[in-house]
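Trainee: Whatever position you read off the sequence shown (first residue = 1), add 1234 for the numbering used here.
The beta carbon of each residue, even a glycine, is placed where N, CA and C say it ideally should be.
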Amino acid sequence: MPREYQAVQLNDQVKKVLVREDSDGRSYVLVEEIRDAFLYICDKFELHGVPVPFLEDDRHERLYPERIAYYPGEVLTVVPLAQTPSSPQPTAIVPSRVFVRREQSLFTLLDVQTKKLTSVMSVLDSLQDQVDQLGRNTQQSDVKMSQILATQKNIAETQDKLLGKMDMVIANTEALLTQTFELHEYTLPRLFIVLPEVAYHGLNPAMILSKYTSVKYRLYFLCECGTHTSPTGPHRLNHIHIARHEGYEIKRPTEFFRKYGPHVLRLLHVLRFGIKLASGAIPALSTISAMDLPEDITDDLESKVTSCIQYLSAYQKSLDYNVPGMDNGTTTADNFGPSKSHLDDIVQIEGADLRQLDSFLQKKDQSRALGNLFRTVDEHGHVKWICLDHYRSTYHLRQDREFENQILLNQGMYDKRLGIVTVVLPSSDVIDAFLTAMTRAGAFNELDIHLRNYSYHDLKTLGQSLSKTNVSKLTLTGHHYKEISSMYRKKLSPILSIMAEGKVRYFQFKDTKDLIPSRGVEIPKSMSAVRSLELSGISLKDGHELFAKILHACSDLGVFRLTDTPMKPSYLNSTLSGLSSSGNLRVMSLRNCDISTDSAEALATFLKTCPKLIELDLSQNCLDDSSCCEIIDAIGNQLVKLSLSNTGFGDESAMALERNIGGELLTYLDISNSSEELSSDAMESIIRLMGRLRCTELMLPRVQDPSDDLYAKAIARLDASKLEHLEIEGSSCGDQTALSLAKMLSVPLQALARFKVDLPRLTLTGALALGDALPSDCQVATVSFSGSQLFQSSAHESRSLQSLFTSVCSRLTTLALTDTAMDDKLASYLCEALRGDNTACRLENLDLADNKMTPAGGAMVLECLHHNKTLQTLRMGSQSFVDFGSMGSAVQRFLETNRTVCCLSVSHVNLCELSLGLSYNANTLKAIEAQYVDGQVDDVFAFGDYLKSSQNTLLRLVVRQARVCDDEPSLEHLSQLLKQNQTIVDLEWEYDQGCDAESHVLQRYLDRNRDLWRKKADAKEEDLILAGIDSWTARAICRGAE
């Protein structure tokens, strides 16, 4: 519809003003717009000389803003402020003219001022633009200057690094040149002293060698230990000392002393008085313990050295130094004074002279290890001759360091306190280097080794290396055997050799699927040294008979565990046949082996032949109630630990337990998560059994409704004085169970470390009683109020709720409040106990999903957790947030601030805000689950940039009910960005209704990432479980494929 305008006249000017329309459909003109049009203050208007009234409301008050009616086709006249009503008096003519002129001059002045004001405003705007431009230029200059300074800093750092590397290269070159020279020059030890076998006091030194030719002298070498060696001996000896050796008799003493006398005299002076050197020290002889000296010279050593110095000093004076071959060096003590800080200043002997020393020595042994000394090279390339003790300690220290470096190089771990080494070796070359270093290393007890891309030769080398160590337990995980399929059976031979040798006694083989071939392997006659054999993820499809022979050879096996291995009845029969030779079997576990009811009779028959068996684990198998009952009757009352969780444990089994278990021995009982719920009569059997048990770990079964009072009775009958672990998960546990637990926990339980309780029928009364009784020092304390009527009452008791939240947050590690109708007011009570400044909060896992909070309430909870220091897992998704994106900004701020949460589940977020929050998140976030996600195409790019960035640590990504990335181009782009991601091992992307895009293309790189994850030495299934990955998928990721 075209707009309409009202014509308005002031003097000779006519202007048009926009006509508006109110809610009633009446047209009007704003007075303020008329004033703006003429830049004139006017309050009166006329039409054909008749005043135009202002529009008023029902109370006859002017409407605001002021307005007049619209007169189509008419021209309204503005009445000037100073104009009076028209009059016929003639005397008003002249004043009227004067007034008009003044009025016109005022208008002219106003126009001039307006133009000047407009000009000034234009100048000011221009100046402001220039100031803004200068600011932008300054900012750009600052950025460029910062970049230049950063570049200069990087150049300076690079120069420093290059100079440092150059210095290192020069030092290494000098050390290499020095080493090359000294290895050739000093083929014999250069530090030695000579001592007589008898004293020569009072004799003329010049006549000793000529008159007493039967006198014998012995040469003793010195060990050149110091800062380059490791201390050894009872006094941690690490200074130059006389080597432990009987010494060498000198064959031609006259010629010897003429050639080496001054050198020997200098060293005797040093040995007597001591000296401090840059590379170590030579202590005074009087300070050396006899324990650190050779046995042959401990008697009256100081007197011998003193007399020998006196003799050699006098003897040297009597010699003619002009005779060829004489050492005419200085012999005074001044030559080794404080100014001599290096050994080379004292040892003044050439390599050529030193090489002749061997001809003067009368040696009984022909060994080249003179004086039990060994030649080594220090870090500067200098040759040092050190004794056997220092050689061993230094050599072992170097080898230990080399071994530790190999562990670190392969991202492994070395627990020196427990003696456990864990390492992943990705190739044959790396395997060979590690095993070489391992054979030279010190003692450690347990080796957990992951071999990848390995061969038969690598397994053989492993066996040879283990024979040279003190390893007693071997954990071997193998992935990607390099040999062709026909050579797979050779894989077992080296392992059997290790088992037969007897040095390693405890074995665990993980995920080595094709370890057991069908034939073609010679089994050792006896492997009786094997005490423990644990296997997981292997295949017995064709090799179950061979496996039976292996077990039969392990005649003294005490522990046997087989996990995650499908066991048909024939496979199980072969396994039990092999175990029949193990008369000392004490522990047997066949967990998650798909054992069916058809195998129950064979298993029960075998158990009757195991009188020493004390631990039995048959969890996660397909055994029905009657099968479990048969097994319990067969094993009787001899077990200490029994686990039948995730089986068909039912009424018959419960009664069999009461019938067979006396209670004196059984300390561990797990009958939880059974496929059948116990009847009330069967639960009564369990209750009677509770009165006899003295369990340390107890996991109770599920019971048919109503079960609240039955669980309460069972807890009341339980002796909890030694209880360490308790789990109760009943579908109808409520106030009675809570009150019974509160009574049990009211007595301090010193041993209790873990408990887990599910209370879906709880009310506020039971919760308050339990909250007051909860222990504050439990390592793992989990309570679930999910689905309960905790907050169903119409009137909330604020003080009681605050007390409850304070108790549970300060005493529990996991709290579940899913589907409890929590609203914003209730959430505010919870926030008081969760705030970051509350040091008493212990919560590590919090579940608030599917409640009645609004986005404001959800944002309040997230805000109070910004600086929480304990929380690791948080679930906040709920349909009550309603609108897409309503929680986006709160989640973004939480991710930018919190530094502890590693698993987060949220809903109703925008992909852009989620990407920004993740980009600024600097903690180790392992999993993100987002529901009801929307966004634009650009948001997909930002999210992809985060996924490929180095700061991304996600293992799991789940997006559900998405309204973003729902077309082929966006999917393909995100897929290409995920190609550069190497962390995510589990990914789900589901669309909201109406989206037809196929998101499976995003999962094309998961297998590669899973393979990379398995290569890490610290990769644990627990990390995957913590990230929210289900146990089946987690096991599949850990196991991989051969």
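1. To the nearest angstrom, how far is the alpha carbon of T2107 from that of E2078?
2. Consult DSSP for C2012 and reduce its assignment to one of helix, strand or coil.
3. Does DSSP classify G1712 as helix, strand or coil?
4. Would you say G1897 and R1926 are within 7 Å of each other, going by their C-beta atoms?
5. Can you tell me the Cα-Cα spacing of M1933 and A1916, whole angstroms?
6. Would A2015 pass as a contact of L2046 if the rule is Cβ separation under 7 Å?
7. Quick one: Cα of Q2237 to Cα of L2221, how far?
8. Spatial neighbours of S1356 within its chain, please: CB distance less than 8 Å, with the 5 preceding and 5 following residues excluded, ordered by chain position.
9. Could you tell me which of R2109, K1956 and L1824 sits nearest to S2141, measuring between CA atoms?
10. For C2043, does the three-state DSSP call read helix, strand or coil?
11. I want to know whether the stretch 2201 to 2220 touches the stretch 2120 to 2133 - three or more CB-CB distances under 8 Å.
12. Would you mind sorting V1334 into buried or exposed? The rule is 16 or more other CB atoms within 10 Å of its CB.
13. Can you give the beta carbon distance from S2062 to N2085, rounded, assuming they're within the 8 Å contact cut?
14. Enumerate in chain order the residues of its own chain whose CB-to-CB distance from Y1625 is below 6 Å, with the five nearest sequence positions on each side excluded.
15. Grouping DSSP H, G and I as helix and E and B as strand, with all else coil, what is L1685?
16. Mapping DSSP to helix, strand and coil, what is K1744?
17. Counting C-beta neighbours from all protein chains within 10 Å, is the total for W2247 16 or more, i.e. buried, or is it exposed?
18. Assuming F1662 and S1706 are in contact, meaning their beta carbons sit under 8 Å apart, how far apart are those beta carbons, in whole angstroms?
19. If you run the structure through DSSP and keep just helix, strand and coil, what is G2021?
20. Cα separation between L1681 and E1735?
21. Based on DSSP bridge pairs, tell me the residues matched to D1830.
22. Please tell me whether K2250 has its Cβ less than 7 Å away from any Cβ of chain C.
23. Looking at the structure shown, is S1770 part of a helix, part of a strand, or coil, going by DSSP?
24. Decide if the stretch 1949 to 1965 is in contact with the stretch 1986 to 2002; the criterion is three or more beta carbon pairs, one per stretch, under 8 Å apart.
25. In this structure, does DSSP put K2249 in helix, strand or coil?
26. Taking a contact to mean a Cβ-Cβ separation below 7 Å, would you say I1757 touches I1784 in this structure?
27. So who's on the other strand from T1311, going by DSSP bridges?
28. Please name the residue, chosen from V1263, E1255, D1256 and G1259, that lies closest to A1241 on a Cα-to-Cα basis.
29. Quick check on this structure: which residue in T1463, S1789, L1767 and K1724 has the alpha carbon closest to the alpha carbon of L1796?
30. According to DSSP, is V1705 part of a helix, a strand, or is it coil?
31. Within 10 angstroms of the Cβ of V1738, are there 16 or more other Cβ atoms? Answer buried if so, exposed if not.
32. If we ignore side chains and look at the alpha-carbon of each, how far apart do Y2225 and G2119 end up?
33. For the pair the stretch 1627 to 1635 and the stretch 1479 to 1498, tell me if three or more CB-CB distances fall below 8 Å.
34. Assuming I1427 contacts L1397 under a Cβ cut-off of 8 Å, what Cβ separation, rounded to an integer in Å, is found between them?
35. Do the CB positions of K1694 and T1673 come within less than 7 Å of each other?
36. Flag this pair as yes or no: are the beta carbons of L1878 and F1840 separated by less than 7 Å?
Mentor: The structure says:
1. Straight through space, the alpha carbons of E2078 and T2107 are spaced by roughly 6 Å.
2. In this structure, C2012 counts as coil in the three-state DSSP scheme.
3. Strand, per DSSP.
4. With a cutoff of 7 Å on beta-carbon distance, G1897 and R1926 are scored as near each other.
5. Cα to Cα, the separation comes out at about 16 Å.
6. A contact, by the Cβ cut-off of 7 Å.
7. Computed Cα separation, rounded: 7 Å.
8. Around S1356: no qualifying Cβ.
9. S2141 has its Cα closest to that of R2109, out of R2109, K1956 and L1824.
10. Looking at C2043 - three-state DSSP - the assignment turns out to be helix.
11. Contact between the stretch 2201 to 2220 and the stretch 2120 to 2133 is absent: fewer than three C-beta pairs spanning the two stretches fall below 8 Å.
12. Its pLDDT being 42, under 50, V1334 is placed unreliably by the model, and nothing is read from it.
13. Contact doesn't hold; Cβ gap of about 13 Å is too wide.
14. These residues qualify, in order along the chain: F1608.
15. Strand, per DSSP.
16. Of the three classes helix, strand and coil, the one that applies to K1744 here is strand, per DSSP.
17. Label assigned to W2247: buried.
18. Here the sequence assigns Ser to residue 1662, which means Phe is not the residue at that position. About 26 Å; that fails the 8 Å criterion.
19. Three-state DSSP puts G2021 in coil, outside helix and strand.
20. When rounded, the distance between both Cα atoms is 17 Å.
21. Looking at the sequence shown, residue 1830 is not Asp but Ser. Answer is C1856, bridged to S1830.
22. The structure shown contains no chain C; it holds only a single protein chain.
23. Of the three classes helix, strand and coil, the one that applies to S1770 here is strand, per DSSP.
24. Cβ pair count under 8 Å is three or more, so yes.
25. In this structure, K2249 counts as coil in the three-state DSSP scheme.
26. It is a contact, given that the beta carbons lie within the stated cut-off.
27. Assignment of beta-bridge partners to T1311 by DSSP yields Q1243 and E1280.
28. Closest by C-alpha distance to A1241, out of V1263, E1255, D1256 and G1259, is V1263.
29. The residue with the shortest Cα to Cα distance from L1796 is L1767.
30. Of the three classes helix, strand and coil, the one that applies to V1705 here is coil, per DSSP.
31. Classification of V1738: buried, given that the 10 Å Cβ count is 16 or more.
32. Per the coordinates, the alpha-carbon of Y2225 lies some 16 Å from the alpha-carbon of G2119.
33. A contact is defined here as three or more CB-CB pairs under 8 Å, and the stretch 1627 to 1635 fails this definition with respect to the stretch 1479 to 1498.
34. A Cβ-Cβ distance of about 45 Å is found for the pair I1427 and L1397, leaving them out of contact under the 8 Å criterion.
35. Contact flag unset, no.
36. Cβ atoms of L1878 and F1840: not closer than 7 Å.
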